[in-house]
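Protein chains in written order, with full-length UniProt numbering: chain A, 1 to 190; chain B, 1 to 190.
Following: one structure in structure tokens, then a few remarks.
2 protein chains.
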Amino acid sequence: MDDVRWLTDGEQEIWRAYMTASVEFSAYVDRQLRRDSGMPMAYYEIMVRLSEAPGRCLRMSELADASLFSRSRLSHAVAALEKNGWVHRRPADADRRGWICALTPAGFEALAAAAPGHVTAVREHLFDVLTPEQLDTLREIGRAISSGLRTECDTARAEDAAACEAGDAERGTAAEEDGSDDPRGMAGAC
Amino acid sequence: MDDVRWLTDGEQEIWRAYMTASVEFSAYVDRQLRRDSGMPMAYYEIMVRLSEAPGRCLRMSELADASLFSRSRLSHAVAALEKNGWVHRRPADADRRGWICALTPAGFEALAAAAPGHVTAVREHLFDVLTPEQLDTLREIGRAISSGLRTECDTARAEDAAACEAGDAERGTAAEEDGSDDPRGMAGAC
DNA sequence: TACGTGTGGTTGAACTTTCAATACCAGCGC
DNA sequence: GCGCTGGTATTGAAAGTTCAACCACACGTA
Numbered sequence: 001m002d003d004v005r006w007l008t009d010g011e012q013e014i015w016r017a018y019m020t021a022s023v024e025f026s027a028y029v030d031r032q033l034r035r036d037s038g039m040p041m042a043y044y045e046i047m048v049r050l051s052e053a054p055g056r057c058l059r060m061s062e063l064a065d066a067s068l069f070s071r072s073r074l075s076h077a078v079a080a081l082e083k084n085g086w087v088h089r090r091p092a093d094a095d096r097r098g099w100i101c102a103l104t105p106a107g108f109e110a111l112a113a114a115a116p117g118h119v120t121a122v123r124e125h126l127f128d129v130l131t132p133e134q135l136d137t138l139r140e141i142g143r144a145i146s147s148g149l150r151t152e153c154d155t156a157r158a159e160d161a162a163a164c165e166a167g168d169a170e171r172g173t174a175a176e177e178d179g180s181d182d183p184r185g186m187a188g189a190c
Numbered sequence: 001m002d003d004v005r006w007l008t009d010g011e012q013e014i015w016r017a018y019m020t021a022s023v024e025f026s027a028y029v030d031r032q033l034r035r036d037s038g039m040p041m042a043y044y045e046i047m048v049r050l051s052e053a054p055g056r057c058l059r060m061s062e063l064a065d066a067s068l069f070s071r072s073r074l075s076h077a078v079a080a081l082e083k084n085g086w087v088h089r090r091p092a093d094a095d096r097r098g099w100i101c102a103l104t105p106a107g108f109e110a111l112a113a114a115a116p117g118h119v120t121a122v123r124e125h126l127f128d129v130l131t132p133e134q135l136d137t138l139r140e141i142g143r144a145i146s147s148g149l150r151t152e153c154d155t156a157r158a159e160d161a162a163a164c165e166a167g168d169a170e171r172g173t174a175a176e177e178d179g180s181d182d183p184r185g186m187a188g189a190c
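Printed below as a string of structure tokens:
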């Protein structure tokens, strides 16, 4: 019970610095998106993932994994996006349990309109304030934390995740056309 | 309009690594707290701040600043904490606009019970997976981002924040006694 | 073919957060 | 004192998230 390895003062300092920055930064970015584009960051995230996918559409479960959403959260979020006309659901043709979520032209436009402000916010408050070395380290830190979370009890999950790689079927019915100029979806938009 | 400095592929990689880790990590920590202690991380955060304050109490506005909550969010959260009996509000005696929020003995106990699991989660998934050099850099990264966010339009705020340092009045009516053993509140508990 | 199990996805209720509006009080100028 | 301006805190409604069922279908097995 009392063999807890409490944080030292130095660790405490690191922890607070990290948490504070992380909370402040994401609050800033989220407010920027809500204010300037009327969408929370979570929706932006979903639409970016869709925009990068072949045909600008993904199965719900793939979209959930890509955007780190729980299935339930994604269902609700997609329902809201659909109400906005930014996204559209249709049944998957190979597996009758599944649904394909596709970005609509209006959704792509909304995303394209939101991206410049968002990217600018990220650049100014993340990339411009850190040195190249710090940025390198940040990438490594991110990787280390993420991979650390995929161990332990989750080991089981990690194991059968290895056997995974299918799922690229269906999706053929490509999203509605859209005379857009960006050949790679909205990649680069964060 | 098109002078947006889009992210390069390398920057994209850094951004994704950071965001992924940040989201996964905080989701993990939050779920750990909810599952094992029945409180969201936000509540834990509030109670830690209170536990560290002299007399284990703070004015609502000070608490909001300390925990990075908006005032409205804090009002709602404290209302919930109060319903749980973990916290208690009384009017500030010097300034009749203000309210003092105090940690109750039950609140302190709940915090003390939650801390070991939380600290362990943080240690195992943050401190144990990073090298000392990475941790040093993480602290600097945090500081750089936070201070970068306190410039620009917020410059005004930063200015009058300098003139601030009062606010240590009232608070005398110290929180209910509590035969606890930890002399420094719950500092070290993250 | 029928059954049991597991996956994909949705739903409703409870909870949390945001946003805008409100009430209340302090401090200042007159 | 009186009105003004600004700070402190709360409120209610709307939006978003979590949690625990739940339904429908796929797949393996008998």
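Even glycine gets a Cβ: it sits at the ideal position worked out from N, Cα and C.
Asked, Found
"Reduced DSSP category for R35 of chain B - H, G, I as helix; E, B as strand; rest coil", "helix"
"Unbroken alpha helix (DSSP H) run spanning A106 of chain B, endpoints", "P105 to H125"
"L63 of chain A versus I46 of chain A: straight-line alpha-carbon distance, rounded", "7 angstroms"
"For C164 of chain A, three-class secondary structure by DSSP", "With a pLDDT of only 37 at C164 of chain A, under 50, the local geometry of the prediction cannot be trusted, and the value read off the model is given with reservation. Three-state DSSP puts C164 of chain A in coil, outside helix and strand."
"Amino acids of chain B, ordered along the chain, whose beta-carbon sits closer than 8 angstroms to that of Q134 of chain A", "T137, E140, I141 and A144"
"Under 7 angstroms by beta carbon: chain A residues contacting I14 of chain B", "L135, L138 and R139"
"Proximity below 8 angstroms, CB of T104 of chain B to CB of H88 of chain B", "yes"
"Contact belief for L111 of chain B with S51 of chain B at Cβ below 8 angstroms, rounded distance in angstroms", "6 angstroms"
"Contacts of F127 of chain B in chain A (Cβ-Cβ under 7 angstroms)", "E11"
"Residue from A:H76, A:A113 and A:A53 whose Cα sits closest to the Cα of A66 of chain A", "A:A53"
"Neighbour flag for V48 of chain A against chain B, beta carbons, 8 angstroms", "no"
"Beta-carbon neighbours of F108 of chain A, restricted to chain B and to distances below 8 angstroms", "Chain B residues near F108 of chain A: none, gap ~16 angstroms exceeds 8 angstroms."
"Residue nearest to A17 of chain A in terms of C-alpha spacing, selected from B:M19, B:G142, B:S75 and B:L81", "B:G142"
"For P40 of chain A and C190 of chain A, the rounded distance between their alpha carbons", "14 angstroms"
"For A174 of chain B, the three-state DSSP class (helix, strand or coil)", "Annotation note: pLDDT 43 at A174 of chain B (below 50); position unreliable, coordinate value reported separately. Correct three-state label for A174 of chain B: coil."
"Beta carbon proximity, C101 of chain B to chain A, threshold 8 angstroms", "no"
"Any C-beta of chain A under 8 angstroms from that of E24 of chain B", "yes"
"Any chain B beta carbon closer than 8 angstroms to A121 of chain A", "no"
"Nearest-angstrom Cα separation, counted from V129 of chain A out to A144 of chain B", "6 angstroms"
"heavy atom of the ligand COA below 7 angstroms from L130 of chain B C-beta", "For the structure depicted, the ligand COA is absent and the ligand set is empty, with no information on it obtainable."
"Inter-residue Cα distance where the pair is G85 of chain A and G107 of chain B", "46 angstroms"
"Three-state secondary structure (DSSP) of V87 of chain A", "strand"
"Exposed unless 16 or more other CB atoms sit within 10 angstroms - verdict on S147 of chain B", "exposed"
"Partner residues on chain A for Y18 of chain B, Cβ-Cβ distance less than 7 angstroms", "L138 and G142"
"Integer-rounded CB distance, given that I100 of chain A should sit under 8 angstroms from A94 of chain A", "The pair is not a contact, with the Cβ atoms about 10 angstroms apart (cut-off 8 angstroms)."
"Where S68 of chain A meets chain B, residues with beta-carbon distance less than 9 angstroms", "The question names Ser, but residue 68 of chain A is Leu in the sequence shown. Ordered by position in chain B, the residues that pass the 9 angstroms Cβ test against L68 of chain A are M19, T20, V23, E24 and A27."
"The alpha helix (DSSP H) enclosing L138 of chain B, as first and last residue numbers", "P132 to L149"
"Candidates A:V48, A:R31, A:G98 and A:L33: closest to S61 of chain A by CA position", "A:G98"
"Contact under 8 angstroms by Cβ, R5 of chain A with R139 of chain B", "no"
"Chain A within 8 angstroms of W86 of chain B, Cβ atoms only", "no"
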